[in-house]
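Trainee:
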Amino acid sequence: MTTAAPNNAAVMVTPPLPAGRTIRLGISRIGYEVRTYFRQGDSVFFTFLFPLVFLTIFSVAFSNANFGRDAAGHVVTAADYYLPAMLAAGLLLSGLQNMAVDIAGEKSDGTLKRLGGSPLPVFSYFIGKIGQVLVTGILQAALLIVIAATAFGVSLPSDPAKWLTFAWVFLLGVTTCSVLGIALSALPRTGKSATAVIIPITLILQFISGVYLQFNILPTWLQNFAGIFPLKWLAQGMRSVFLPDSFKTLEAGHEWNLTGVLIATVIWLVVGLVLCRVTFRWIRKDS
Amino acid sequence: MTISDAVVSVRDLRKTYESFAALDGVSFDIQRGETFALLGPNGAGKSTTIEILEGYRDRTSGEASVLGIDPHRGGIAWKARLGIVLQNTGESGNVTVHEQLSHFARYYANPRGVDEVIAAVGLEEKSKTLIRKLSGGQRRRVDVALGIIGRPELLFLDEPTTGFDPEARRGFWDLIGRLKREGTTILLTTHYLDEAEHLSDRAGIIAGGKLIDIGAINEIGGAEARIPIVRWQDANGRQERRTHEPGAVVAALMRDGSEPVGLEIVRPSLEDVYLGLVEANEAAIEDLELTK
Chain A
1 MTTAAPNNAA
11 VMVTPPLPAG
21 RTIRLGISRI
31 GYEVRTYFRQ
41 GDSVFFTFLF
51 PLVFLTIFSV
61 AFSNANFGRD
71 AAGHVVTAAD
81 YYLPAMLAAG
91 LLLSGLQNMA
101 VDIAGEKSDG
111 TLKRLGGSPL
121 PVFSYFIGKI
131 GQVLVTGILQ
141 AALLIVIAAT
151 AFGVSLPSDP
161 AKWLTFAWVF
171 LLGVTTCSVL
181 GIALSALPRT
191 GKSATAVIIP
201 ITLILQFISG
211 VYLQFNILPT
221 WLQNFAGIFP
231 LKWLAQGMRS
241 VFLPDSFKTL
251 EAGHEWNLTG
261 VLIATVIWLV
271 VGLVLCRVTF
281 RWIRKDS
Chain B
288 MTISDAVVSV
298 RDLRKTYESF
308 AALDGVSFDI
318 QRGETFALLG
328 PNGAGKSTTI
338 EILEGYRDRT
348 SGEASVLGID
358 PHRGGIAWKA
368 RLGIVLQNTG
378 ESGNVTVHEQ
388 LSHFARYYAN
398 PRGVDEVIAA
408 VGLEEKSKTL
418 IRKLSGGQRR
428 RVDVALGIIG
438 RPELLFLDEP
448 TTGFDPEARR
458 GFWDLIGRLK
468 REGTTILLTT
478 HYLDEAEHLS
488 DRAGIIAGGK
498 LIDIGAINEI
508 GGAEARIPIV
518 RWQDANGRQE
528 RRTHEPGAVV
538 AALMRDGSEP
548 VGLEIVRPSL
558 EDVYLGLVEA
568 NEAAIEDLEL
578 TK
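Which chain is which? The protein sequence lines are A and B, in order.
This note's numbering numbers the first residue of the first sequence as 1 and each following residue consecutively.
This note's numbering numbers the first residue of the second sequence as 288 and each following residue consecutively.
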């Protein structure tokens, strides 16, 4: 055979892949992931609307309860008290629970196998997943805050410093929870068992970390135990933004301890990244 | 043709699961532009072979080269040259046909046109339908579309037409014909022997993890297996004779002037040859076990 292509059969040559496609494809994945997320009714309810449902239930059920007073003597209502808790729960549900269940499902239904055989970089896939959580998490938090303010009369902080705290706790929390969710997706053996494996973990964390129950009424040993996990810290960070400053006396050490929030969350972020690196595979080879 | 023209090259491929040998020394080459069919019963090792070549499974021993690269080490640039249609897919399918193909097209440097591919698999009317709302055969056509969207040099098709109606299958055959003319190399597994006969240049028959025959479609099984068969009915029941001179046999039958009942002359199809080979292989294995 000569080097010239024979007339009857074309010779196919694949051009090289363009540079910078990892980021570009990652951004394209975000749009794709967000679109498919909102087309799945169950995940929209159990991860996106769940905190809003609970905020509504608590605000109505405990509408006569008094959660304390701020410095000016205004009563802190159930809605005031539970808004930061539900924002923290939203981070855990949209990030960790949604990611872990979603990816475990994609592993068992063949989505990841197809992607693994395509020239999609793993990093683009991760950008898509984390970006999806970021977009849906922002929408979720905005919805919670708007409804809390308009329907339940929650007064929002006016100090820009508080909103700055909110921004970094939110962004760090969303990223950490997503990364931990990706890592935890390795745990369920099948997509069907994913909710049964993951939801107990997130449910227990929510109960011991000051989401459903007031954190300061828990026994000290349980508070300390909850302090091992990131949710307790995220809830604390959110309380520092939305509750009156005087409420810090109810926290461990009588302070908001934002440095502690930062350190604990960053440690979990690093742990999550390492776990992802070690455990994530497109497919389990030889299964 | 030189050896460097081999797009796929496999030598003494073995895959062992604990004590079970799923593949037991398989060797073959696929030349550039060729369509090669891997045939065999369920569990014979077809999918194991194809998944090793796609990079999904590791081999226990032997050598494999796909587009000049060991599939075990194939990276992104290598995957960009492949098209893969897996045997089983069951994604949730919360995207439309058009959305899915446009999205996957972005992964490749020189993809085919999305509408062109949708038309090629006959899903124009379902273009804006969510994939989960499609029938099994239609979803399978989406799998095929995703396999070819990146304009692959080498296309793996693992039982691509399962669930297709006859019309869709004909449409698929036409599509494969066009891909071949463009120079695509194809590795196909199928249980439809007429499909293999129609589409492929060569075939390998695999049974019990071993390649029991390999050759051009019209030569596989050897000349012996292709001898025409004359069948008819007489007072003693159904008769069958393999002969190089079917005309002479029929003439002899008609010597008494009566028309033979149920007369037919058949040239064994690939399916007949295949079944003969697989049965003979099973019989040989049984004999071997009896003599042990």
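The beta-carbon is built from N, C-alpha and C at its ideal position, and this holds for glycine as well.
No experiment lies behind these values; they were computed from the predicted model shown.
Which residues in chain B have a C-beta closer than 8 angstroms to the C-beta of A/K248? List them in chain order.
Mentor: None at all; the shortest Cβ gap to chain B is about 44 angstroms.
Trainee: Going along the chain, which unbroken runs of the alpha helix (DSSP H) with 4 or more residues stay wholly within the region 300-379 of chain B?
Mentor: For the region 300-379 of chain B, whole alpha helix (DSSP H) runs of length 4 or above, ordered along the chain, are 333-340 and 363-366.
Trainee: Just verifying my parser: in three-state terms, what is the DSSP assignment at B/Q526?
Mentor: In the structure shown, B/Q526 sits in a strand (DSSP, three-state: E or B).
Trainee: Let me check understanding here. Comparing Cα to Cα, which of B/R319, B/G332 and B/G491 lies closest to B/A308?
Mentor: Closest option to B/A308, Cα to Cα, is B/G332.
Trainee: From what residue to what residue does the beta strand (DSSP E) around B/T476 run?
Mentor: Residues T472 to T476.
Trainee: Whose C-alpha, out of B/R428, B/D445, B/R465 and B/E469, is nearest the C-alpha of B/F451?
Mentor: Nearest of B/R428, B/D445, B/R465 and B/E469 to B/F451, Cα basis: B/R428.
Trainee: Using the C-alpha atoms, what's the distance from A/L93 back to A/W268?
Mentor: Near 16 angstroms, if we compare the C-alpha coordinates of A/L93 and A/W268.
Trainee: Name the chain A residues that come within less than 8 angstroms of B/L373, Cβ to Cβ?
Mentor: Going along chain A in sequence order, the residues near B/L373 (Cβ under 8 angstroms) are G110, K113, R114 and G117.
Trainee: Which complete alpha helix (DSSP H) runs does the region 397-480 of chain B hold, if anything under 4 residues is left out?
Mentor: Complete alpha helix (DSSP H) runs here, min 4: 401-407, 423-435 and 453-468.
Trainee: Got a sec, what are the start and stop residues for the beta strand (DSSP E) A/W268 sits in?
Mentor: Taken as a continuous stretch (DSSP letters only), A/W268 belongs to no beta strand (DSSP E), being part of the alpha helix (DSSP H) at L258 to T279.
Trainee: What are the residues of the region 374-392 of chain B that lie near chain D, defined by any Cβ-Cβ distance shorter than 8 angstroms?
Mentor: No chain D is present in this structure, whose protein chains are A and B.
Trainee: Let's test the definition: count the other Cβ atoms within 10 Å of the Cβ of A/G60 and tell me whether it reaches 16, buried, or not, exposed.
Mentor: The question names Gly, yet the displayed sequence has Val at residue 60 of chain A. Result: exposed.
Trainee: State the DSSP-derived secondary structure class of A/D42, mapped to helix, strand or coil.
Mentor: Note: A/D42 maps to helix in three-state DSSP.
Trainee: Just the chain A side, please: which residues come within less than 7 angstroms of B/Y395 by C-beta, in chain order?
Mentor: In chain order: P119.
Trainee: Please tell me whether A/R39 has its Cβ less than 8 angstroms away from any Cβ of chain B.
Mentor: It does: the Cβ of A/R39 has a partner Cβ on chain B nearer than 8 angstroms.
Trainee: Spatial neighbours of B/Q374 within its chain, please: C-beta separation below 7 angstroms, excluding the five flanking residues on both sides.
Mentor: Excluding sequence neighbours, B/Q374 sits near S334, D445 and E446.
Trainee: Could you list which residues in chain B have their beta carbon closer than 8 angstroms to that of A/I228, in chain order?
Mentor: Result: empty, since nearest Cβ-Cβ is about 34 angstroms, beyond 8 angstroms.
Trainee: In the region 218-257 of chain A, which residue ranges form an unbroken alpha helix (DSSP H) of at least 4 residues, counting only runs that do not cross its ends?
Mentor: Within the region 218-257 of chain A, the complete alpha helix (DSSP H) runs of at least 4 residues are 220-226 and 230-242.
Trainee: Please confirm whether B/L340 and B/T383 have their CB atoms less than 8 angstroms apart.
Mentor: No, these two residues do not count as a Cβ contact at 8 angstroms.
Trainee: Would you tell me roughly how many angstroms separate the C-alpha atoms of B/H480 and B/E506, rounded to the nearest one?
Mentor: Per the sequence presented here, residue 480 of chain B reads as Leu, with His not at that position. So the two alpha carbons sit approximately 14 angstroms from each other.
Trainee: Output yes if chain A places a C-beta closer than 8 angstroms to the C-beta of B/G330; else output no.
Mentor: It does not: the Cβ of B/G330 has no partner Cβ on chain A nearer than 8 angstroms.
Trainee: I'd like the span of the alpha helix (DSSP H) that includes B/Q387, first residue to last.
Mentor: From DSSP, the alpha helix (DSSP H) with B/Q387 extends over V384 to A392.
Trainee: Of the residues that make up the region 454-479 of chain B, which ones have a beta carbon closer than 8 angstroms to any beta carbon in chain A?
Mentor: So the close ones are R468, E469, G470 and T471.
Trainee: Output the distance between the C-alpha atoms of A/T2 and B/D292, rounded to the nearest integer angstrom.
Mentor: Per-residue confidence for A/T2 stands at a pLDDT of 36, beneath the threshold of 50, marking its modelled position as unreliable; no derived number is given.
Trainee: Which of the three DSSP states is assigned to A/A89 in this structure?
Mentor: Three-state result, A/A89: helix.
Trainee: DSSP state of A/W168, grouped into three classes?
Mentor: A/W168 falls in the helix class under three-state DSSP.
Trainee: Which residues in chain A sit within 8 angstroms of B/R368, going by Cβ to Cβ distance?
Mentor: T14, listed in chain order.
Trainee: Taking DSSP's pairing of strands, which residues face B/V553 in a bridge?
Mentor: Bridge partners of B/V553: B/I516.
Trainee: Under 8 angstroms between C-beta atoms, does B/I363 make it to chain A?
Mentor: Judged by the 8 angstroms Cβ criterion, B/I363 is in contact with chain A.
Trainee: May I ask you to list the residues that DSSP assigns as paired with A/V75?
Mentor: A/V75 pairs with A/R69.
Trainee: A/T265 and A/L176 - do their beta-carbons sit closer together than 8 angstroms?
Mentor: Here residue 176 of chain A is Thr; the residue named in the question, Leu, does not match the sequence. Result yes, Cβ atoms of A/T176 and A/T265 sit closer than 8 angstroms.
Trainee: Express the C-alpha separation of A/L243 and A/A167 in angstroms, rounding to a whole number.
Mentor: C-alpha separation (whole angstroms): 16 angstroms.
Trainee: Does DSSP classify B/A293 as helix, strand or coil?
Mentor: In the structure shown, B/A293 sits in a strand (DSSP, three-state: E or B).
Trainee: Would you check if the distance between the CB atom of B/R393 and the CB atom of A/S28 is smaller than 8 angstroms?
Mentor: Contact: yes.
Trainee: For chain B, is any of its Cβ atoms less than 8 angstroms away from the one on A/I283?
Mentor: Yes, contact with chain B.
Trainee: Am I right that A/A104 and A/G191 are in contact with their C-beta atoms under 8 angstroms? What's the rounded C-beta distance?
Mentor: About 5 angstroms separates the two Cβ atoms, so the contact holds.
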